[in-house]
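A.B. asks: First, the structure itself, so that you have it in front of you.
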Amino acid sequence: MGLEGVTMLEKIYKSVVVLICVLISNGLAVEKPTSLQKTCVTEECHADYAKKAYVHGPVGLGDCKACHKPLKPEEHTWQFVRKDRDLCEYCHLEQTTKKNIHEPLKTGDCMQCHDPHSSDNKFLITEKTIASLCDNCHNITEGFQFLHGPTAVGECTVCHESHSSDLKDLLVSEHSQLCFSCHVVTQDELKKYEFIHEPAKNDCIGCHNPHGASNSTMIKDFAPYLCYTCHKDIQNVAENSMYQHSVVADIDGCMHCHTPHASTVKFLLKKDAMSLCITCHDKPQKIGKDEVLPAFTKELEDKKFLHGPVSQSDCSGCHITHGSKYFKLLAKEYPPIFYAPFSEENYELCFSCHAKTLVLTEKTENLTDFRNDDLNLHFLHVNKERRGRTCRACHQTHASNLPKHIRESVPYGKWELPVGFTKTETGGGCISGCHLPKDYDRKKPVDYPAP
Amino acid sequence: MTTKRKIAVYVILVVIVCLFLSRQIIKGSTRRIGIGNKMPEFSASDTSGKVFDYKHGVGKLLMVVFLSANQKNSAQAAADIKGIVRKLASQAERLNVVVAIDDPNSQNFFRSDPNESVVGVHVIADIEYKLWGKFGIIATPTVIISDMNDIVLWVKAGHSYDFAPVIRARLNQALGIAQEIDPNEASQVKTVTNATVAARIKRHLQMAKMLQAKGRIESAINEVSKAKELDPNSLEVALELGELFCRVGKNEAALKIVGRMKATKQLDKARLLRISGWAKRQMGDLETAEKYLLEATKLDAKSARGFFELGQVYQAKGDRDKAIAAYYRALTLVFDGR
């Protein structure tokens with residue numbers, strides 16, 4: 001037998017095998033019915049519909065006509081009994097009654113998420129988990145290192161309705177309530193606080209990304225940028241002031257002093273003002289190219305008499321924390337040079353707490369203890385045509401060892417001129433380099449001849 | 452000169468000398484008032500012309516607030532004081548508030564809105580600083596609070612970060628109003644601590660409850676397991692996890708987790724026994740299950756689950772009457788609960 005003969009034989013064998021297979025399969029295959037049947041789910045037809053863990057109601061009852069009607073039964077062709085969203089809504093009306101409807105439901109594309117017959121997943125969803133189902137359209141976790149609890153475990157429906165909601169983003173409840181449904185401790189704690197950050201009351205997502213973020217607290221951006229989205233006034237001060245507080249511009253700088261949710265004190269401070277300041281100002285701080293601010297705590301060491309705001313731990317009594325147009329971040333005008341002449345305007349800072357009348361009234365029995373009888377010695381010191389003395393000439397700004405935080409000395413070139421102030425029960429006196437020794441007494445006034 | 456006239460002259464002279472001396476004493480002494488001092492008595496007209504007399508022994512406490520016109524801090528302090536006094540409501544009847552302002556125009560601090568008038572507040576225009584002198588005020592705002600015995604209880608100068616909490620705490624203290632905060636610690640700053648382990652555990656448990664309500668038991672178990680990682684010794688976590696394990700038939704796991712827990716409260720003891728009984732029943736150990744569940748229902752007679760499980764045990768044992776009774780009790784509790 002030649003080569004051609006062998007090839008021919010192989011072809012015949014193959015044809016026979018194919019023919020046998022076709023005959024067998026035709027013999028085993030079920031003919032599609034060409035007339036109406038009681039149900040489509042039988043052992044022979046569409047059997048797999050009934051074999052999954054969860055079966056759609058009508059399928060379970062074998063009532064296929066709930067959704068399908070025959071088009072040409074003899075050709076085994078069918079059509080839906082209702083069109084578009086009416087098909088599912090006819091039974092599942094309650095799913096679309098709310099104000100905001102999930103996009104697939106609007107177009108009646110329920111099968112985008114559900115298998116209409118049966119599924120191994122609860123609610124007949126087409127994916128194994130809700131997360132993977134939602135992820136088909138909503139890829140919200142890309143680039144996140146940290147995921148919010150429900151997102152991390154793929155439980156989107158903890159916060160969102162699947163079908164419809166009266167609330168935006170298909171939320172299950174109002175923002176203000178939704179977060180607190182899990183964050184109960186925070187809710188309970190907030191009730192105890194007087195000063196609560198406005199978003200913490202009802203708008204957590206003002207600061208936090210509800211799905212996740214690249215940071216563990218899931219904030220939308222780092223401070224100060226996040227804070228500036230609302231606190232434009234602070235941003236303006238921080239960025240445009242002549243004198244800026246460097247820490248404010250640091251990443252997370254705001255959090256050095258402020259707590260984001262609630263505090264027992266105003267401005268949502270984390271600690272008392274002075275404790276916050278001395279986290280940095282307990283050591284010298286470089287504030288310019290060649291300028292170093294001495295350690296504030298050094299100024300207080302062993303000092304007996306503190307200026308009011310210092311004794312109240314309230315640095316912000318005189319300083320503006322975020323930025324200022326006055327040197328050393330002062331709140332109001334105060335001369336940067338020691339021997340600046342006195343004027344109300346120059347010492348506006350001091351007069352934010354102390355009445356101007358304290359120095360502008362010549363005779364008084366009420367305004368001050370610094371008087372000889374009723375002659376106001378503040379008035380006498382500042383109101384001189386030449387070399388009028390000022391607040392800072394006599395008073396140390398933060399603290400001193402003399403009553404009324406009087407300076408022990410004043411700078412005079414390279415010399416520290418002693419002040420020599422002493423206080424008595426009814427007055428006091430100075431043996432200073434500024435003038436001849438002088439005393440004063442409220443009860444027995446010292447008699448000084450008129451100049 | 453008659454004797455009567457002589458006496459009259461002497462009396463007048465003595466009075467004059469006394470007045471002079473007292474003036475000299477007042478002039479000379481240090482003015483500043485401190486904690487523990489007696490509040491000075493005074494009389495002053497308020498801005499409506501009504502005279503306010505402060506005398507000792509009236510049994511009312513006094514808060515004197517010194518404010519300065521054109522001072523931002525004073526305006527903020529005034530707003531705080533208004534809020535604090537308003538919240539005191541009827542308690543404010545035992546309180547007199549005197550607001551001393553150095554400029555009559557600044558009475559607006561307290562009178563800008565007629566609907567906002569605060570009861571018991573006397574606004575005094577202290578233009579000549581007489582009250583300032585009496586109390587030794589050198590800076591504003593300054594607040595001085597006395598107790599019912601006219602002794603100075605607190606002096607607060609400046610409108611610092613802790614102004615409102617401190618003033619409120621001291622007023623409450625003076626009025627004898629119960630408060631959670633120790634007045635001596637009112638200036639201490641506390642902040643919300645939602646990052647504590649306890650707070651995180653609570654979050655996981657809450658989420659587990661929500662998932663459980665949605666029938667997502669495995670996810671709920673995952674959540675409670677996270678809570679357990681945070682505190683393996685938490686009884687609350689163990690109880691939650693034990694119940695969830697029972698619900699999905701992980702009986703060994705349920706017994707293991709509650710087996711090493713000790714409860715002190717009656718309801719917690721009942722819950723531990725209920726979980727053990729539930730797990731044992733599902734494992735087929737009906738005798739032990741019955742024992743645990745009987746004990747559990749005795750300790751907590753309001754648990755529907757306890758009676759339901761007991762019914763299951765009796766049904767499995769073929770004790771129909773007892774099963775019906777237990778189921779009936781469970782159903783009653785379910786419907787009563789609604």
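Read top to bottom, the protein sequences are chains C and U.
With my numbering applied, the first sequence covers 1 to 451.
With my numbering applied, the second sequence covers 452 to 789.
Glycine is no exception: its CB is placed at the ideal position from the N, C-alpha and C atoms.
Since we're looking at a predicted model, the values are computed, not measured.
Where does lysine 478 of chain U land, buried or exposed, given buried means 16+ other C-beta within 10 angstroms?
C.D. replies: Confidence is the limiting factor: at lysine 478 of chain U the pLDDT is only 46, short of 50, which leaves the residue's position unreliable and the question unanswerable from this model.
A.B. asks: May I ask you to report which of helix, strand or coil DSSP gives cysteine 434 of chain C?
C.D. replies: coil
A.B. asks: Using only CA atoms, which one of U:Val617, U:Leu690, U:His507 and U:Tyr743 lies nearest to alanine 528 of chain U?
C.D. replies: U:Val617
A.B. asks: Just the C-alpha distance for cysteine 227 of chain C and cysteine 254 of chain C, rounded to the nearest angstrom, thanks.
C.D. replies: 8 Å
A.B. asks: Between which two residues does the alpha helix (DSSP H) harbouring tyrosine 743 of chain U extend?
C.D. replies: 737-750
A.B. asks: Within its chain, find whatever has a CB closer than 7 Å to the CB of phenylalanine 686 of chain U; leave out the 5 residues flanking it on each side and keep chain order.
C.D. replies: At residue 686 of chain U the sequence reads leucine, which differs from the phenylalanine that was named. Met712, Ala714 and Asp719.
A.B. asks: Give me the residue from C:Lys438, C:Phe296 and C:Glu385 with the minimum Cα distance to valine 313 of chain C.
C.D. replies: According to the sequence shown, residue 313 of chain C is serine rather than valine. For serine 313 of chain C, the nearest C-alpha among the options comes from C:Phe296.
A.B. asks: Which bits of chain U does histidine 183 of chain C rub up against, with CB to CB less than 9 Å?
C.D. replies: Going along chain U in sequence order, the residues near histidine 183 of chain C (Cβ under 9 Å) are Asn645, Ala650, Lys653, Arg654 and Gln657.
A.B. asks: In this structure, how does DSSP classify tyrosine 440 of chain C when only helix, strand and coil are distinguished?
C.D. replies: The three-state reading of DSSP puts tyrosine 440 of chain C in strand, counting E and B together.
A.B. asks: Using three-state DSSP, classify histidine 405 of chain C as helix, strand or coil.
C.D. replies: helix
A.B. asks: Would you say serine 164 of chain C faces chain U, with C-beta separation under 8 Å as the test?
C.D. replies: no
A.B. asks: Just verifying my parser: in three-state terms, what is the DSSP assignment at leucine 306 of chain C?
C.D. replies: For leucine 306 of chain C, the three-state secondary structure derived from DSSP is strand.
A.B. asks: Since alanine 755 of chain U is in the alpha helix (DSSP H), which residue starts that stretch and which ends it?
C.D. replies: Alanine 755 of chain U -> alpha helix (DSSP H) spans 755-768.
A.B. asks: Count the other C-beta atoms from every protein chain shown that fall within 10 angstroms of the C-beta of isoleucine 458 of chain U, then say buried if there are 16 or more, exposed otherwise.
C.D. replies: exposed
A.B. asks: Let me make sure I understand the geometry here. Which of C:His381, C:Lys438, C:Ala249 and C:Asp369 has the alpha-carbon closest to that of leucine 360 of chain C?
C.D. replies: Between leucine 360 of chain C and the set C:His381, C:Lys438, C:Ala249 and C:Asp369, the nearest pair of CA atoms involves C:His381.
A.B. asks: Let me see if you follow: with CB-CB separation under 8 Å, is tyrosine 193 of chain C close to chain U or not?
C.D. replies: yes
A.B. asks: Is the separation between the beta-carbon of methionine 514 of chain U and that of isoleucine 596 of chain U shorter than 8 Å?
C.D. replies: Going by C-beta atoms, methionine 514 of chain U is nearer than 8 Å to isoleucine 596 of chain U.
A.B. asks: Grouping DSSP H, G and I as helix and E and B as strand, with all else coil, what is glutamate 362 of chain C?
C.D. replies: coil
A.B. asks: Do alanine 238 of chain C and glycine 143 of chain C have their CB atoms nearer than 8 Å?
C.D. replies: no
A.B. asks: Is the distance from the Cβ of valine 606 of chain U to the Cβ of isoleucine 532 of chain U below 8 Å?
C.D. replies: no
A.B. asks: For histidine 183 of chain C versus leucine 170 of chain C, is the C-beta distance shorter than 8 Å?
C.D. replies: no
A.B. asks: Are the beta-carbon atoms of glycine 154 of chain C and isoleucine 125 of chain C separated by less than 8 Å?
C.D. replies: no
A.B. asks: Arginine 771 of chain U: buried (16+ other C-beta within 10 angstroms of its C-beta) or exposed?
C.D. replies: exposed
A.B. asks: Find the residues of chain C that neighbour glutamine 830 of chain U, judging by a C-beta separation of less than 8 Å, and give them in chain order.
C.D. replies: One cannot answer for residue 830 of chain U here, as it falls past the ends of chain U, which runs 452 to 789.
A.B. asks: Going along the chain, which residues of the stretch 257-269 of chain C sit with their C-beta nearer than 7 Å to a C-beta in chain U?
C.D. replies: Thr259, His261, Ala262, Ser263, Thr264, Val265, Lys266, Phe267 and Leu269
A.B. asks: Got a sec: is the Cβ-Cβ distance from glutamate 301 of chain C to anything in chain U below 8 Å?
C.D. replies: no
A.B. asks: According to DSSP, which residues form a beta bridge with threonine 593 of chain U?
C.D. replies: U:Phe517 and U:Ala608
A.B. asks: At a CB-CB cut-off below 8 Å, which residues of chain B make contact with serine 611 of chain U?
C.D. replies: The question asks about chain B, but that chain is absent: this structure's protein chains are C and U.
A.B. asks: Classify arginine 537 of chain U as helix, strand or coil using the three-state DSSP reduction.
C.D. replies: Correct three-state label for arginine 537 of chain U: helix.
A.B. asks: If the cut is a Cβ gap below 8 Å, which residues of chain C does lysine 533 of chain U touch?
C.D. replies: By Cβ distance, chain C contributes nothing, its closest Cβ being about 15 Å from lysine 533 of chain U, past 8 Å.
A.B. asks: If we define contact as Cβ-Cβ less than 8 Å, is asparagine 366 of chain C a contact residue for chain U?
C.D. replies: yes
A.B. asks: Name the two residues that bound the continuous beta strand (DSSP E) containing glutamine 79 of chain C.
C.D. replies: 77-80
A.B. asks: Along the chain, where does the alpha helix (DSSP H) that runs through isoleucine 125 of chain C open and close?
C.D. replies: Run containing isoleucine 125 of chain C: none; DSSP gives neither H nor E here.
A.B. asks: Determine whether the Cβ of tyrosine 440 of chain C lies closer than 8 Å to any Cβ atom of chain U.
C.D. replies: Chain U, which has no Cβ nearer than 8 Å to the Cβ of tyrosine 440 of chain C, makes this no.
A.B. asks: Just verifying my parser: in three-state terms, what is the DSSP assignment at leucine 692 of chain U?
C.D. replies: Note: leucine 692 of chain U maps to helix in three-state DSSP.
A.B. asks: Decide if serine 541 of chain U is buried, meaning its Cβ has at least 16 other Cβ atoms within 10 Å, or exposed.
C.D. replies: exposed
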